[in-house]
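Read the structure below first, then the notes.
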Amino acid sequence: MVGRRVRRFPMARIATLVPVFVGLNLLGISLCTFFGLPFWMDHIGTFLAAATLGPVWSLVTLTVYHGFRLFVNPWVLPLYPIPASVAITAGLMFWWGWGERVWKWCVTTGLAVGATSTITYIPLVLALFGGLEPLNWLNMVSFVALSQASNTVVPAMMVSSGLVIFVDRLVTGIITLLIMRALPIDYMYGPFDPKGNLRW
Numbered sequence: 115m116v117g118r119r120v121r122r123f124p125m126a127r128i129a130t131l132v133p134v135f136v137g138l139n140l141l142g143i144s145l146c147t148f149f150g151l152p153f154w155m156d157h158i159g160t161f162l163a164a165a166t167l168g169p170v171w172s173l174v175t176l177t178v179y180h181g182f183r184l185f186v187n188p189w190v191l192p193l194y195p196i197p198a199s200v201a202i203t204a205g206l207m208f209w210w211g212w213g214e215r216v217w218k219w220c221v222t223t224g225l226a227v228g229a230t231s232t233i234t235y236i237p238l239v240l241a242l243f244g245g246l247e248p249l250n251w252l253n254m255v256s257f258v259a260l261s262q263a264s265n266t267v268v269p270a271m272m273v274s275s276g277l278v279i280f281v282d283r284l285v286t287g288i289i290t291l292l293i294m295r296a297l298p299i300d301y302m303y304g305p306f307d308p309k310g311n312l313r314w
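Numbering (my numbering), first residue to last: 115 to 314.
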């Protein structure tokens, strides 16, 4: 049975890792923007913070990253609850043991985080943009097609946004997992087996 020990890390390590994680978030979204990909990929650092430092520092990482985004796109300020839900959900899921096996990691980053992101995303984007997020062309195309076919807004938003968010979170989680597999166990936070190792 997985225990729920918490490893306490020195502040020097935290002060070093958090800026690195913020940089990974910025790198992910910058690459997607540069190549015109219909995703964000801006939670690699958030997931790493959740898995290595816990939910509190995952939220701190996300908040600092979101602050940097405000300089480029001030309109993302009211969307803060969406990425915040990513940081909190990922941190808690890893703490509850949904990260010590590959399939659980994928369920956490894809389904659990994707679901909370979609639930948070839909009402905010409907209220702010009427259902269209300006910087995601796939969301816009799929939403227009689905809304015209069904003559309804909310179901079209749920399908188009849910699919894009699920794929984005899952791919981001897999990339994060590959990075995590290269890190020493000493960097892991949260649940361990009786010997102190994740069950990978």
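Every residue gets a Cβ at the ideal spot worked out from N, C-alpha and C, and that includes glycine. Since this is a predicted model, take the numbers as computed values, not measurements.
query                                                                                                                : result
Whole-angstrom distance between I293 and A229, CA atom to CA atom                                                    : 24 angstroms
Under 8 angstroms between C-beta atoms of L284 and G205                                                              : no
Backbone secondary structure at F153 - three-state DSSP                                                              : coil
Y235, enclosing alpha helix (DSSP H) - first and last residue                                                        : 227-243
Sequence-distant residues of the same chain with beta carbon closer than 8 angstroms to L238, five excluded per side : P192, L193, P195, I196
Whether V132 touches A165 by CB criterion (8 angstroms)                                                              : no
Local conformation of P124 per DSSP, three classes                                                                   : coil
N- and C-terminal bounds of the alpha helix (DSSP H) containing G159                                                 : 158-166
Cβ separation of M155 and D282, assumed to be a contact under 8 angstroms, to the nearest whole Å                    : 7 angstroms
Closest Cα partner of G244 within the set A270, W219, T222, W210                                                     : A270
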